[in-house]
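Residue numbers for the sequence shown follow the numbering used here, beginning at -11 and rising by one.
Here is the structure we will look at, set down as structure tokens.
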Amino acid sequence: MADKTTKLQSENTKSNFGKGWMIIFYSMIMFWFLIGFSIDGQNIVIDVFAGANWERLGFADQNALHAKLLELAMWAGFIGVIAYFVIGRICTKIGGRMLSSICLVLAGASYIFYGNADSIASYFIGLTLVTVFINGAAYIGGGNLVTQWFPKKKGLANGYTTMGHNLGSALYVPLIAALIGAMGMAKGMTMTGIAAIVIGIGAYFIIRNTPQELNIYPDNVSKDVYEKEYVDLSEAKSRWTVASLLKTKEMWLVALIVGINQLVTTGVMSQMVPRNMEFGFSQAKAVSLMTVCALVGLAGSFGFGFIDQKLGVKTAIKGYLVWYAAALGINVVMNNAMGGYICVAMVGIAIGAAANFMTSLPASVFGRHNFDLVYSIYFPIMEIVLMLNYIVNSKALEWTGSLRGAYVVFIALLVINFVLISVLNTRKYNLDYQKEEEVLEQGA
-11 MADKTTKLQS ENTKSNFGKG WMIIFYSMIM FWFLIGFSID GQNIVIDVFA GANWERLGFA
49 DQNALHAKLL ELAMWAGFIG VIAYFVIGRI CTKIGGRMLS SICLVLAGAS YIFYGNADSI
109 ASYFIGLTLV TVFINGAAYI GGGNLVTQWF PKKKGLANGY TTMGHNLGSA LYVPLIAALI
169 GAMGMAKGMT MTGIAAIVIG IGAYFIIRNT PQELNIYPDN VSKDVYEKEY VDLSEAKSRW
229 TVASLLKTKE MWLVALIVGI NQLVTTGVMS QMVPRNMEFG FSQAKAVSLM TVCALVGLAG
289 SFGFGFIDQK LGVKTAIKGY LVWYAAALGI NVVMNNAMGG YICVAMVGIA IGAAANFMTS
349 LPASVFGRHN FDLVYSIYFP IMEIVLMLNY IVNSKALEWT GSLRGAYVVF IALLVINFVL
409 ISVLNTRKYN LDYQKEEEVL EQGA
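Right, here's the structure in full:
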């Protein structure tokens, strides 16, 4: 930390992002589509597809096909792991701007195909393509953009960008439910698919990979501050190879910590509507509760982003884990409508924070230098962990007929994560933070 006379950019909690706001809003939009296309929107798409096709496809009932589709989502994610490594390597060659634009266009096209699925095979192919391309756009492309533009204000920046997650939960789910209800699954999903394609094309002409391309500096700082407190990209030689990253303990810890966070969040949010319907709520009521949950999450996104910026990512993650475990514990113990209401409010805060750490934690540990290579290794490993949520939910439904047991598993994983984040050095390889330490030593 700085002494009383030295104010560092890593401690700056002002939202003076300047032209960086275009990166924030672009990332926010991509997260909106990510949540709608591949996570929370599944609350509606799976239910509609299962309800319309279980008998024709030879399943015993709607729940049987529902469970099968959850398993397919898991396998789509595992296939994506290989794709994310390839996409990450492509990002090192073409940059986050072009990668995110291409992937967003392909995600929109894939979503249209997905909406026209009429068999298990076409459903699986569509879901796999959507999952791969929307994650490539939002996390691999967008994550690199945010890290290059906001290396020291990443906590605060991510607090804003991840509001797209919450807005996706709040607005996309009722939107796609209304579109599918009015137009059918194929036409309804085509509408939002086209929107993603249009935005992806537009972004190519507007977005830039680094602020230097616009003759400004990261975090919107002055030239003097940049030269004093930052290590320029041209000053840092490539420090990493694929092999060296795979041999680095911190790489595995970061991937596991974020993976567990996302496993729990995806597991909870992708099946929040069915879980709340177990308490006797109608589907319409359950969807409205999900909307409330997501809107509450806007405060969580900003609040935990502020904590990240002010106190550091380790403190922010610890607070998040304690809060989340308490929320799920209330849901499990009370197991009634009142517990559902309380859990929705508390989970809203937690999901608002979860996505912040997907970029903030690896960026804090490894810094922006060679971050595209770091992310290309970290993200696929993290995704392997994340996709296990579908096994947890599927087996809970298969063995008990309820999602309650899945929540018990999620709580245990959050406790394990608290231990893991406690032992991680969250600034170990960050050259910009090392430059700050030099500034402090010179001023001492």
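C-beta atoms are modelled at their ideal positions from N, C-alpha and C, and glycine is treated no differently.
Please read these numbers as outputs of a predicted model, since none were measured by experiment.
query	result
Can you find at least 3 beta carbon pairs, one from the stretch 53 to 63 and one from the stretch 129 to 149, that sit closer than 8 Å?	no
Work out the CA separation of Y214 and D420 for me, nearest whole Å.	10 Å
If S79 and D360 are in contact, beta carbons under 8 Å, what's the gap, nearest whole angstrom?	Rather than Ser, the amino acid found at residue 79 in this sequence is Cys. That pair is a contact at about 5 Å.
For Q259, count the other beta carbons within 10 Å of its own beta carbon; 16 or more makes it buried, fewer makes it exposed. Which is it?	buried
Compute the Euclidean distance between the alpha carbons of L244 and V69, then round it to the nearest angstrom.	14 Å
Would you call D207 buried or exposed, if buried means 16 or more other Cβ atoms sit within 10 Å of its Cβ?	buried
Can you tell me where the alpha helix (DSSP H) holding N104 begins and where it ends?	Here N104 belongs to no alpha helix (DSSP H), and DSSP marks it neither H nor E.
Cα-Cα, which of L408, S390 and M18 is closest to K306?	L408
With DSSP run on the structure shown, which of helix, strand or coil describes N323?	coil
Please state the DSSP three-state secondary structure of V219.	coil
So does the stretch 345 to 365 actually touch the stretch 300 to 320, counting three or more Cβ pairs closer than 8 Å?	yes
Verify the contact flag: R227, CB atom, against every heavy atom of the ligand FAD, threshold strictly below 6 Å.	Ligands displayed in this structure: none; no statement on the ligand FAD is therefore possible.
Just reading off the alpha helix (DSSP H) that P206 is part of, what are its end residues?	From DSSP, P206 is part of no alpha helix (DSSP H); its letter is neither H nor E.
With a CB to CB cut of under 7 Å and the five nearest residues on each side skipped, what residues in its chain are close to V474?	The shown model of the chain, from -11 to 432, leaves out residue 474, and the question about it has no answer.
How should G389 be labelled, buried or exposed, when 16 other C-beta atoms within 10 angstroms of its C-beta is the threshold for buried?	exposed
Using only the alpha-carbon positions, how far apart do G317 and S107 sit?	38 Å
Would you mind stating whether S88 and G130 have Cβ atoms separated by less than 7 Å?	yes
State the Cα-Cα distance for the pair Y127 and V280, rounded to the nearest angstrom.	25 Å
If you measure between the beta carbons of V373 and L202, is that distance less than 7 Å?	no
Could you tell me the boundaries of the alpha helix (DSSP H) in which K2 lies?	Note, K2: premise wrong, no alpha helix (DSSP H); not H, not E.
Which same chain residues end up closer than 7 Å to A315 when comparing Cβ atoms and leaving out the 5 residues on each side of it in sequence?	C331, M334, V335 and A338
Anyone know if the C-beta pair for L53 and W42 falls short of 7 Å?	yes
Does DSSP classify T198 as helix, strand or coil?	coil
Mind checking whether I11 and L133 have CB atoms under 7 Å apart?	yes
Give the straight-line distance between the Cα atoms of I90 and L402, rounded to the nearest whole angstrom.	35 Å
Touching or not, the stretch 17 to 37 and the stretch 156 to 173, by the rule of three or more beta carbon pairs under 8 Å?	yes
Work out the CA separation of V301 and T414 for me, nearest whole Å.	7 Å
Would you mind reading off the limits of the alpha helix (DSSP H) that contains F294?	Q271 to L299
Nearest-angstrom Cα distance between L283 and N154?	6 Å
Can you give me the Cβ contacts of R77 inside the same chain, cut-off strictly under 6 Å, excluding the 5 residues immediately before and after it?	S364
By the 10 Å Cβ neighbour count, where 16 or more other Cβ atoms means buried, how is W137 classified, buried or exposed?	buried
Quick one: give me the first and last residue of the alpha helix (DSSP H) that W20 is part of.	W9 to L22
Could you check the C-alpha separation between F294 and A40 for me, to the nearest Å?	45 Å
What's the C-alpha gap between E386 and F193?	48 Å
Within this structure, are the beta carbons of G103 and M177 separated by less than 7 Å?	yes
Grouping DSSP H, G and I as helix and E and B as strand, with all else coil, what is E424?	helix
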